[in-house]
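Under the working numbering, the first residue of the sequence shown is numbered 460, with each subsequent residue one higher.
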Amino acid sequence: MTIRSLAVQDGFGVGTAPTFDHRRMLARLRPLLPIAAVLCLSLLPACSTPVRLSAVPKDQEAAATVAGMTGIRYWQKPDLALMQQDAADAYKREEDTFAAAGNTGPLPPANFLAISGGGEDGAFGAGLLIGWTAAGTRPEFKLVTGVSTGALTAPFAFLGPKYDEQLKAVYTTITQKDVLEQRGFLAALYDDAMADNAPLRQLVAKYVTADMLKDIAAENAKGRILAIGTTNLDARRPVIWNIGKIAASGNPRALDLVRDILVASAAIPGAFPPMMIDVEVNGKAYQEMHVDGGASAQVFAYPPQLHLVDLSNKARINRERRLFIIRNARLDPDWADTKRQTLTIAGRAISSLIQNQGVGDLYRIYATTQRDGVDFNLAYIPPTFNVPLTEPFEQHYMNELFNLGYELGRSGYNWQKTPPGLGASPVPVPES
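Given below as structure tokens:
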């Protein structure tokens, strides 16, 4: 189950798009497409596409604001200055919190966590985190970032072990019906996606509550950062949302916006509808079309353009930093007997392109960490995991993958110190 939406490289991002099984869906739809075309031609205007407000004009994109909030996201080059200032402000809050607790001396090491996309494979990362808690060695993270399924995991990971049970429930008790509703075959021609993600929106609303938002704001006040990636499809740019700033804003629309961002980050183009986010420019209403963050960056920690080491030296900050990446995917080749059919060949080629691109993304992140003196640590699904996935978000598959991640985390995960191909040792798998 590996066909994926095509990735786009730009701005802050490095990565691939999440897993979703279009092949079976396309195989079912292919014989019906000519019939659908004839029906729609004969029934016009009965067949119509969804409508939207105008996209923000290109020369006004930087001025667009969401829900009356400013400074809550980064996506233009000038936003690097804002990101630098936010990082400096967060460091000051962290220093104040450290001192208020009666501590003296330098701050402890800063731990960063980056969680990738991967659809139902997000169960691996959830299990690994909770197993890490059970091992008693899971640190508190200064920065947590997430994309797609990683975006759904990130708030729980950010808030720590007290949210482990909720995180486990998300990845072990749901089924396909809790994530999507398949639409009719005409959706391929006249709708914005093959499935409706209304169930996913309800699931997000169930867990991302006003109380969770208060907890995120409280951690933001301590100098910790939670960031989620989406893709602005109009601008074809990645967007990094500072969820902690949104939570701390006190804006009455903050909770709805956070929920929208999480759903947008998981909105696989073509599979799920895009999230239309209302914005304003000089009092005029527009809409931005946001989709899966994996269309820009499958996993990110901080933009390479930030030059963390230079900023630290300039501010005279001497601090140990560690980056932990959870790649919710296998990194070994996925063999298949490919049928000689156009859609199958195209889908297989795109899947191959994105998998290999994802490995290259890890190399870019690795190069950035080596430049900045950040300790690199990578986890991914081992090649020994061979439980078949018969449908998207199959509960048995997700439970098996969660249990594998849990056992690896509980037994003390052997984090890889380099991307694959640079001499990393195989990931140990616990005996059954």
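For every residue, glycine included, the Cβ atom is placed at its ideal position computed from N, Cα and C.
CA-to-CA distance, residue j to residue i, given in whole angstroms
{"i": "Tyr-630", "j": "Lys-601", "result": "24 Å"}
{"i": "Asn-777", "j": "Asp-518", "result": "40 Å"}
{"i": "Asp-831", "j": "Ala-713", "result": "34 Å"}
{"i": "Pro-697", "j": "Ala-560", "result": "38 Å"}
{"i": "Pro-879", "j": "Asn-741", "result": "48 Å"}
{"i": "Phe-731", "j": "Arg-660", "result": "11 Å"}
{"i": "Arg-775", "j": "Trp-794", "result": "50 Å"}
{"i": "Ala-686", "j": "Ile-804", "result": "36 Å"}
{"i": "Asn-679", "j": "Arg-807", "result": "42 Å"}
{"i": "Trp-874", "j": "Val-525", "result": "39 Å"}
{"i": "Asn-710", "j": "Lys-704", "result": "10 Å"}
{"i": "Ala-546", "j": "Asp-655", "result": "37 Å"}
{"i": "Val-717", "j": "Thr-797", "result": "41 Å"}
{"i": "Leu-662", "j": "Tyr-825", "result": "34 Å"}
{"i": "Ala-593", "j": "Asp-548", "result": "33 Å"}
{"i": "Thr-508", "j": "Ala-744", "result": "21 Å"}
{"i": "Thr-843", "j": "Lys-876", "result": "20 Å"}
{"i": "Ala-521", "j": "Arg-799", "result": "46 Å"}
{"i": "Leu-848", "j": "Asp-693", "result": "33 Å"}
{"i": "Gly-752", "j": "Ala-723", "result": "8 Å"}
Residue i in three-state terms, based on DSSP
{"i": "Thr-608", "result": "helix"}
{"i": "Phe-617", "result": "helix"}
{"i": "Gln-764", "result": "helix"}
{"i": "Leu-572", "result": "strand"}
{"i": "Glu-853", "result": "coil"}
{"i": "Gln-800", "result": "coil"}
{"i": "Gln-535", "result": "coil"}
{"i": "Gln-757", "result": "coil"}
{"i": "Arg-696", "result": "strand"}
{"i": "Arg-789", "result": "strand"}
{"i": "Arg-807", "result": "helix"}
{"i": "Ala-628", "result": "helix"}
{"i": "Ile-776", "result": "coil"}
{"i": "Trp-591", "result": "helix"}
{"i": "Glu-554", "result": "helix"}
Those residues which DSSP pairs with residue i across a bridge
{"i": "His-749", "result": "Asn-691, Met-734"}
{"i": "Leu-837", "result": "Ile-784, Gln-875"}
{"i": "Glu-739", "result": "Thr-524, Ala-744"}
{"i": "Ala-652", "result": "Gly-729"}
{"i": "Ala-686", "result": "Thr-604, Asn-701"}
{"i": "Glu-640", "result": "Asp-655"}
Inter-residue CB distance, residue i and residue j (contact presumed, cutoff 8 Å)
{"i": "Thr-608", "j": "Ala-788", "result": "Actually they do not touch by this definition, with Cβ atoms about 10 Å apart."}
{"i": "Phe-783", "j": "Gly-586", "result": "Rounded, the Cβ-Cβ distance is 15 Å, inconsistent with contact."}
{"i": "Thr-690", "j": "Val-750", "result": "5 Å"}
### Query
Is it a yes or a no for the segment 572-582 touching the segment 603-614, going by three-plus beta-carbon pairs under 8 Å?
yes
### Message
Three or more C-beta pairs under 8 Å: does that hold for the segment 762-776 against the segment 813-821?
### Response
no
### Query
Counting pairs of Cβ atoms below 8 Å between the segment 548-568 and the segment 836-851, do you hit three or more?
no
### Task
May I ask you to verify whether the segment 636-656 touches the segment 584-603, counting CB pairs closer than 8 Å and requiring at least 3?
no
### Query
Is the segment 528-545 in contact with the segment 744-757, if contact means three or more CB pairs nearer than 8 Å?
no
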